[in-house]
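Okay, structure first, notes after.
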Amino acid sequence: MSKTIDVFMFIDALGWEILQRHSFLEQELPYRYSVRMQFGYSSTAIPTILSGRPPQEHKHLSFYYYAPEKSPFKIFKYLPLKYLPSRIFDRWRVRHLLSKILARYYGFTGYFEMYSMPYNWLPFLDYIEKNDIFVPRGLAPVANLADVLQQAGVPGHISNWRLSEEENIARLGALLDEGQIRFAFLYTAALDGLLHMHVREPEIIQRKLDWYAEHIRGLMARMKQHYDQFSFTVISDHGMTPLTGTVDLKGRIDALGLRYGVDYVAVYDATMARFWFLRPEGRERIFPLLEEVPGGRILSAAEKKHYGIDFADHMYGEEILLLPPGVQIAPSNMGLKALPGMHGFAPEDRDSYAACLSTAEPEIPPQWVGDYFRLMTERIDRVRSSREAKVSTEINKQR
Ligand SMILES: [Zn+2]
Numbered sequence: 473m474s475k476t477i478d479v480f481m482f483i484d485a486l487g488w489e490i491l492q493r494h495s496f497l498e499q500e501l502p503y504r505y506s507v508r509m510q511f512g513y514s515s516t517a518i519p520t521i522l523s524g525r526p527p528q529e530h531k532h533l534s535f536y537y538y539a540p541e542k543s544p545f546k547i548f549k550y551l552p553l554k555y556l557p558s559r560i561f562d563r564w565r566v567r568h569l570l571s572k573i574l575a576r577y578y579g580f581t582g583y584f585e586m587y588s589m590p591y592n593w594l595p596f597l598d599y600i601e602k603n604d605i606f607v608p609r610g611l612a613p614v615a616n617l618a619d620v621l622q623q624a625g626v627p628g629h630i631s632n633w634r635l636s637e638e639e640n641i642a643r644l645g646a647l648l649d650e651g652q653i654r655f656a657f658l659y660t661a662a663l664d665g666l667l668h669m670h671v672r673e674p675e676i677i678q679r680k681l682d683w684y685a686e687h688i689r690g691l692m693a694r695m696k697q698h699y700d701q702f703s704f705t706v707i708s709d710h711g712m713t714p715l716t717g718t719v720d721l722k723g724r725i726d727a728l729g730l731r732y733g734v735d736y737v738a739v740y741d742a743t744m745a746r747f748w749f750l751r752p753e754g755r756e757r758i759f760p761l762l763e764e765v766p767g768g769r770i771l772s773a774a775e776k777k778h779y780g781i782d783f784a785d786h787m788y789g790e791e792i793l794l795l796p797p798g799v800q801i802a803p804s805n806m807g808l809k810a811l812p813g814m815h816g817f818a819p820e821d822r823d824s825y826a827a828c829l830s831t832a833e834p835e836i837p838p839q840w841v842g843d844y845f846r847l848m849t850e851r852i853d854r855v856r857s858s859r860e861a862k863v864s865t866e867i868n869k870q871r
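Under this note's numbering, the first residue of the sequence shown carries the number 473, and numbering increases by one thereafter.
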């Protein structure tokens, strides 16, 4: 019986359009597909990839949502926030450090960041990624990749997202040399940050792609050495859309003079704004303003259904305004300034498309990022059944 290994390497933000303009492992990974992203950004794309389910089922869309009763941030109501000097407490480093302290205090094991969320808004909000979504039961009650691996009893490896990509590549390399694992999910995320800053600088992007290519060739050589057969598949979650303009939507809403937490609650992601209306005046005054945003789209019920974000309880907003491709909300709750590149625009826009590149031709090519889960579980199942067959032949031999 031949020993096989299947490696799926996640490269955050390796969009289909980026690949059309650069060279990247055309010989080694000849089966190449453009893949529709999940509406939203990485906070929803990764749970979708790890479960094969849409957001309305795994419940992860954006990070923050309106939930005053269960908000873990009620403590912020009692802090003398207005006396804290904002020039210190709004610095990114300070917020990042505070996020770490809070995460430890609450026992969050997931990716937690306060970003630029105003401290006095936090008591109205809850945060979805409290748990590490990569480990068994990380998306419970929905099964994730780690659950599937565990249930199949297949020796596998899933990277630790807290480590750098160099460390994750090195760890996988060492495991390949041992030759025990039969499946791996390699997580790398530095390309995303690079593209946010340098999406219009082809030389910088090509240099990074060459770096990945070199490491992938190295991993493949080790797979060839220690296994009879292998497959290597690169998958991504979305592309990157160059900045074309900004809208100070928060400033416009603030200027209405409505009370946050009394008349309405809003969360401003970089590419979409989400609203809950607590009193009729909130809706009456905010809605017309949303309709005026040039190229903006207030999602209809049919569109929410189509994108898999049709939450019965409007968990992520009663109304969601999506900005046109390239136009960022700035300042937003994710950052004070617009970045040269951003993701999270309409999935059907060409810069939004993700990519799947493989050594092997899948029976059914992936069309949506959630389809990667099927590709991965098929591979795991194949190993499980071949191991079971091997065990039963050995039992038969012994009889
Ligand atoms: Zn990003």
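Glycine included, C-beta positions come from ideal geometry on N, C-alpha and C.
Sequence-distant residues of its chain with Cβ nearer than 7 Å to residue i (five each side left out)
| i | result |
| --- | --- |
| residue 838 | 505, 507, 828, 844 and 847 |
| residue 826 | 487, 488, 507, 509, 708, 709, 710, 711 and 841 |
| residue 798 | 713, 714, 715, 716 and 717 |
| residue 537 | 597, 598, 600, 787 and 788 |
| residue 849 | 620 |
Any non-hydrogen atom of ligand 1 within 7 Å of residue i CB
| i | result |
| --- | --- |
| residue 664 | yes |
| residue 514 | yes |
| residue 668 | yes |
| residue 778 | no |
| residue 568 | no |
| residue 485 | yes |
| residue 815 | yes |
Terminal residues of the beta strand (DSSP E) in which residue i lies
| i | result |
| --- | --- |
| residue 829 | 826–830 |
| residue 799 | 799–801 |
| residue 746 | 744–749 |
| residue 507 | 503–507 |
Pair within 8 Å by beta-carbon distance, residue i and residue j
| i | j | result |
| --- | --- | --- |
| residue 489 | residue 822 | yes |
| residue 781 | residue 511 | yes |
| residue 628 | residue 596 | no |
| residue 788 | residue 534 | yes |
| residue 482 | residue 657 | yes |
| residue 711 | residue 778 | no |
| residue 721 | residue 737 | no |
| residue 726 | residue 806 | no |
| residue 746 | residue 714 | no |
| residue 719 | residue 801 | yes |
| residue 691 | residue 680 | no |
| residue 803 | residue 767 | no |
| residue 659 | residue 633 | yes |
| residue 735 | residue 764 | no |
| residue 743 | residue 808 | no |
| residue 687 | residue 648 | no |
| residue 503 | residue 833 | yes |
Cβ distance (whole Å) where residue i is taken to contact residue j below 8 Å
| i | j | result |
| --- | --- | --- |
| residue 702 | residue 477 | 5 Å |
| residue 841 | residue 509 | 6 Å |
| residue 626 | residue 530 | In fact, because the Cβ distance is near 22 Å, the residues do not count as touching under 8 Å. |
| residue 474 | residue 700 | 4 Å |
| residue 484 | residue 661 | 4 Å |
| residue 914 | residue 497 | Residue 914 is absent from the model: the chain starts at 473 and stops at 871. |
| residue 790 | residue 748 | 5 Å |
Element boundaries [alpha helix (DSSP H), containing residue i]
| i | result |
| --- | --- |
| residue 697 | 674–698 |
| residue 645 | 637–650 |
| residue 843 | 843–870 |
| residue 480 | Element bounds for residue 480: not the alpha helix (DSSP H) but the beta strand (DSSP E), 476–483. |
| residue 620 | 617–624 |
| residue 717 | Run containing residue 717: none in the alpha helix (DSSP H); it sits in the beta strand (DSSP E), 717–719. |
| residue 515 | 514–523 |
| residue 759 | 752–763 |
| residue 665 | 662–670 |
| residue 510 | Per DSSP, residue 510 belongs to no alpha helix (DSSP H) and is neither H nor E. |
| residue 574 | 564–578 |
| residue 492 | 488–492 |
Residues near residue i by beta carbon distance below 6 Å, same chain, minus five either side
| i | result |
| --- | --- |
| residue 705 | 480 and 830 |
| residue 539 | 598 |
| residue 874 | Any question about residue 874 goes unanswered here, given that the chain covers just 473 to 871. |
| residue 544 | 578 |
| residue 525 | 614 |
| residue 603 | 581, 582 and 610 |
| residue 819 | 508, 509 and 511 |
| residue 762 | 770 and 793 |
| residue 589 | 805 |
Neighbourhood of residue i by C-beta distance below 8 Å, restricted to the same chain and skipping five residues each side
| i | result |
| --- | --- |
| residue 872 | Because the chain here runs from 473 to 871, residue 872 falls outside it and cannot be looked at. |
| residue 696 | 702 |
| residue 678 | 494 and 495 |
| residue 635 | 643 |
| residue 666 | 676, 677 and 680 |
| residue 551 | 591 |
| residue 651 | 475, 698 and 699 |
| residue 594 | 543, 545, 548 and 586 |
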